[in-house]
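Trainee: My questions will all concern the structure given below.
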Amino acid sequence: MEWSKITMELYSKLEHQWLFNSDEEKKTRILSIDGGGTNAAIAGACLVHLEDQIKSKTINPNSKITDFFDLISGTGIGGILATMLVADDGNGNPLLSAKQAVDLVTKNQSELSKLKKFKILNRRPKYSCTSMEKMLRQALSRQDGKLLTLKDTCKPLLVPCYDLHSSGPFVFSKADAMDTPSFNFELWKICRATTATPGRFRPFELTSVDGKTKCLAIDGGVVMNNPTAVAITHVLHNKRDFPLVNGVEDLLVLSIGNGMQRMSPLKRRNEERMTASVVVDIAADGVSETVDQMVGNAFWWNRSDYVRIQGSVEEDILAETGVESLPMWGKRVLTESNASRIERFVHKLVNKTSLPPPPHKNSDVTPLHAGP
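Under the UniProt record's numbering, the sequence shown has 192 at position 192, and the numbering climbs by one with no breaks.
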C-alpha cells in the first residue's frame, strides 16, 4: 500500500475521533468559588477576567460564564456570586453577567458589612442584616417582583452552610429542589444563610417554599469554605444529571479562592483574645488549603484539568504568580501569572484540540528508513 494512502487513512481516523469522540467534549465543567469575609475583590476580579476571556475566545460579546460550565458552587460571598451568575431571567438565560454581579456586590459592600450602633456595655461590634437582606431580595428577583428560588436557575447550583438544627453541613442544591419543594428555597435566603458568619451575624433561620424543611444556618465557610470537593462529589454521584461522569478524568474544574488572610505567627501568638470571626477566618483558610491539596492529588495525573486560583488579599490577584499543590503536601510557585492560567483554562474550555492540516492526496510521502 502506498505511504500516501496510509497517511490519508490515518488522518481520516484521527479527524473522525476528534470530531465525534473528543474527550474534551465529554468533560463536565465545574466552577467553584470560595468564601471569605464580605470582600469579593479577588474572586470578583477572577470572574470578570474569566468571562472576558470567554467572550474573546468565542468572539461573542454576549457569552456568559454559565454557557461554558455545567455546575457552579460557592460558599459565603462566593455563594452570593455563584447564585447571581446562575439566576434565571425567565427565558433560560442568566439574569446577570459576571461584571454585573461583581459590580453589584462591590457597590453594596457597605450594606454587606454595615455596623450597628454600639451599646454602652457591649463593645463587640454588631452587624446589621437588614440592608443586606434588602439588597439580596432586590438582586435576586425579576422585574415582575417574583422572588427567585433554586428552581429558577439556568445551571445546577450548590451552596453550603452549617445547620445548627441538625449539627451538620447542609447543601442547597438545585437537583434536590427539582425533586421536591421541601428542598426548594428562595435564592436570597440561601445567600443570607451561607454568609451568616459567627461573631458578625446571628444564625439565620430559613424555611423551604412549602414550609416543610427548616434550617438554622451559619456561614458555610465553617465547614466548606472551599466547595470544590462537594461539587466534585455531587457530580460523581448524580447520575441523573451527569450520566457520563465516571471519575475525575471526566471533569474540568476551575476553583477560585477569595484571598488568604496573611497573619504572622507572632501576631497570632500575641492576640490576647481570639474572637469568633478570627477563628472562623483561620479555620476557613485551613479548610480551603486542605481541600485544594486533596483535589490536587486526585488530578495529579493531568493537572491541566484542575486549576486553582488563590493569592494574598494584599496583592493584585491576576498579576500574582500562580501556585499549585504538590502530592504529599507541598506547593510550588509557577512561572505564569494567575491571569495567564485563567486564559489557558479558557482555551481548554471553549476550544477543541487543533488537528494538523490534511496532507495533499497527490503528494509523495517518503517513508522513514531504519538505516542507511
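All residues carry an ideal CB built from backbone N, CA and C; glycine is no exception.
(1) Just how far apart, CA to CA, sit V350 and V248?
(2) Rounded to the nearest angstrom, what separates N62 and G92 at their Cα positions?
(3) Count the other CB atoms, across all protein chains shown, that sit within 10 Å of the CB of P327; report buried if there are 16 or more and exposed otherwise.
(4) Give the single residue among V287, L206, T75 and S325 whose Cα lies nearest to the Cα of L164.
(5) In this structure, does DSSP put K64 in helix, strand or coil?
(6) Quickly, what does DSSP pair R332 with across the bridge? List them, please.
(7) Run through the DSSP bridge pairs and tell me what R200 is partnered with.
(8) If you run the structure through DSSP and keep just helix, strand and coil, what is S312?
(9) Look up G74 in the DSSP assignment and give the residues it is bridged to.
(10) Are the beta-carbon atoms belonging to L81 and D89 less than 9 angstroms from one another?
(11) Shortest alpha-carbon distance to L158 belongs to which of Q143, S166, S141 and M178?
(12) Only counting the same chain, and skipping five residues up and downstream in sequence, which positions put a Cβ closer than 6 angstroms to that of residue 373?
(13) On the premise that I77 lies in contact with G36, defined as a C-beta separation below 8 angstroms, what is that separation, rounded to the nearest angstrom?
(14) Return the first residue and the last residue of the beta strand (DSSP E) that V171 is part of.
(15) Can you tell me which of H347, W188 and V346 puts its alpha carbon nearest to the alpha carbon of M135?
(16) So, do the stretch 180 to 187 and the stretch 209 to 218 have three or more beta carbon pairs nearer to each other than 8 angstroms?
(17) So T75 packs on G311, CB below 8 angstroms; how close in whole Å?
(18) Once the 5 residues before and after K26 are set aside, which same chain residues still bring their CB inside 7 angstroms of it?
(19) Applying the criterion that 16 or more other CB atoms from any shown protein chain within 10 Å of the CB defines a buried residue, is L47 buried or exposed?
(20) Nearest to I218 by CA position, among D52, T290, R344 and S167, is which residue?
(21) For residue 374, count neighbouring C-beta atoms within 10 Å of its own C-beta (all shown protein chains included) and say buried if the count is 16 or more, exposed if not.
(22) So, are the CB atoms of G257 and S304 less than 9 angstroms apart?
(23) With a threshold of 8 angstroms on Cβ separation, who are the neighbours of V223 within its own chain once the five nearest residues in sequence on each side are excluded?
(24) Just how far apart, CA to CA, sit V333 and I342?
(25) Quick one: what's got a C-beta closer than 6 angstroms to C129's C-beta in the same chain, skipping five residues either side?
(26) Where does P181 sit, in a helix, a strand or coil, going by DSSP?
(27) Where does I59 fall in DSSP's three states?
(28) Starting from the Cα of N297, find the closest Cα among K331, G322 and T321 and give me that residue.
(29) Based on the DSSP secondary-structure assignment, which residues constitute the bridge partners of D163?
(30) Rounded to the nearest angstrom, what separates R29 and F69 at their Cα positions?
(31) Among D176, L318, G259 and D103, which one has its Cα closest to the Cα of L50?
Mentor: Straight from the coordinates:
(1) The residue labelled residue 350 in the question sits at position 350 within the sequence shown. The residue labelled residue 248 in the question sits at position 248 within the sequence shown. In a straight line, the C-alpha of V350 is about 19 angstroms away from that of V248.
(2) In the sequence shown, residue 62 corresponds to position 62, counting from 1. In the sequence shown, residue 92 corresponds to position 92, counting from 1. Rounded to whole angstroms, N62 to G92 spans 14 angstroms at the Cα level.
(3) Position 327 of the sequence shown, counting from 1, holds the residue named residue 327. Exposed: under 16 other Cβ atoms inside 10 Å.
(4) By one-based count along the sequence shown, residue 164 stands at place 164. Taking the Cα of L164 as reference, the smallest distance to any Cα among V287, L206, T75 and S325 is reached at L206.
(5) The residue given as residue 64 occupies position 64 in the sequence shown. Of the three classes helix, strand and coil, the one that applies to K64 here is coil, per DSSP.
(6) The residue given as residue 332 occupies position 332 in the sequence shown. Its beta-bridge partners are E324.
(7) If you number the sequence shown from 1, residue 200 lands on position 200. In DSSP, R200 forms no bridge with anything.
(8) Sequence index remark: in the sequence shown, residue 312 carries index 312 (1-based). Strand, per DSSP.
(9) Locating residue 74 in the sequence shown gives position 74, where the first residue counts as 1. DSSP, once it has assigned bridges, lists I33 as partnering G74.
(10) Reading the sequence shown from its first residue, position 81 is the one you call residue 81. Reading the sequence shown from its first residue, position 89 is the one you call residue 89. No, these two residues do not count as a Cβ contact at 9 angstroms.
(11) Translated into positions along the sequence shown, residue 158 becomes position 158. Nearest C-alpha to L158: M178.
(12) Because the chain in this structure spans residues 1 to 372, residue 373 falls outside the shown range and cannot be described.
(13) Sequence index remark: in the sequence shown, residue 36 carries index 36 (1-based). Sequence index remark: in the sequence shown, residue 77 carries index 77 (1-based). G36 to I77, Cβ: 6 angstroms. Contact.
(14) By 1-based counting over the sequence shown, the position of residue 171 is 171. From DSSP, the beta strand (DSSP E) with V171 extends over G168 to S173.
(15) To locate residue 135, count along the sequence shown from 1; it is residue 135. Of all alpha-carbon atoms in H347, W188 and V346, the one lying nearest the alpha-carbon of M135 is that of W188.
(16) Three or more beta-carbon pairs drawn from the stretch 180 to 187 and the stretch 209 to 218 are found closer than 8 angstroms, and the two stretches are therefore classed as touching.
(17) In the sequence shown, the residue the question calls residue 75 occupies position 75. In the sequence shown, the residue the question calls residue 311 occupies position 311. In this structure, T75 and G311 do not form a Cβ contact; the two beta carbons are roughly 18 angstroms apart against a cut-off of 8 angstroms.
(18) Your numbering for residue 26 matches position 26 in the sequence shown. Exclusion of the five residues before and after K26 leaves L244 and D250 as the residues of its chain whose Cβ lies within less than 7 angstroms of its Cβ.
(19) The residue you call residue 47 lines up with position 47 of the sequence shown. Counting C-beta atoms within 10 angstroms of its own C-beta, L47 has 16 or more neighbours from the protein chains shown and is therefore classed as buried.
(20) Counting from 1 along the sequence shown, the entry for residue 218 is found at position 218. Among D52, T290, R344 and S167, the Cα nearest to that of I218 belongs to S167.
(21) Look at the range of the chain in this structure, 1 to 372, and you will see that residue 374 is not part of it.
(22) The count along the sequence shown starts at 1 and reaches residue 257 at position 257. The count along the sequence shown starts at 1 and reaches residue 304 at position 304. One thing to note: G257 has its Cβ no nearer than 9 angstroms to the Cβ of S304.
(23) As a first step, residue 223 is located in the sequence shown; it is residue number 223 there, counting from the start. Excluding five sequence positions before and after V223, the CB atoms of its chain that fall closer than 8 angstroms to its own CB belong to P160, Y162, P169 and V287, given in chain order.
(24) Residue 333 sits at position 333 when you count from the first residue of the sequence shown. Residue 342 sits at position 342 when you count from the first residue of the sequence shown. Computed Cα separation, rounded: 16 angstroms.
(25) Residue 129 sits at position 129 when you count from the first residue of the sequence shown. Counting only Cβ-Cβ distances below 6 angstroms, and skipping sequence neighbours, we find F201.
(26) On the sequence shown, position 181 is the one that residue 181 refers to. Looking at P181 - three-state DSSP - the assignment turns out to be helix.
(27) Translated into the one-based positions of the sequence shown, residue 59 becomes position 59. Coil, per DSSP.
(28) Against the sequence shown, residue 297 aligns to sequence position 297. The option with the nearest alpha carbon to N297 is K331.
(29) Walking along the sequence shown from the start, residue 163 turns up at place 163. According to DSSP, which records beta bridges pairwise, D163 is partnered with G168 and A217.
(30) On the sequence shown, residue 29 is found 29 positions in, with the first residue counted as 1. On the sequence shown, residue 69 is found 69 positions in, with the first residue counted as 1. Cα to Cα, the separation comes out at about 5 angstroms.
(31) Reading the sequence shown from its first residue, position 50 is the one you call residue 50. Considering only alpha carbons, the answer is L318.
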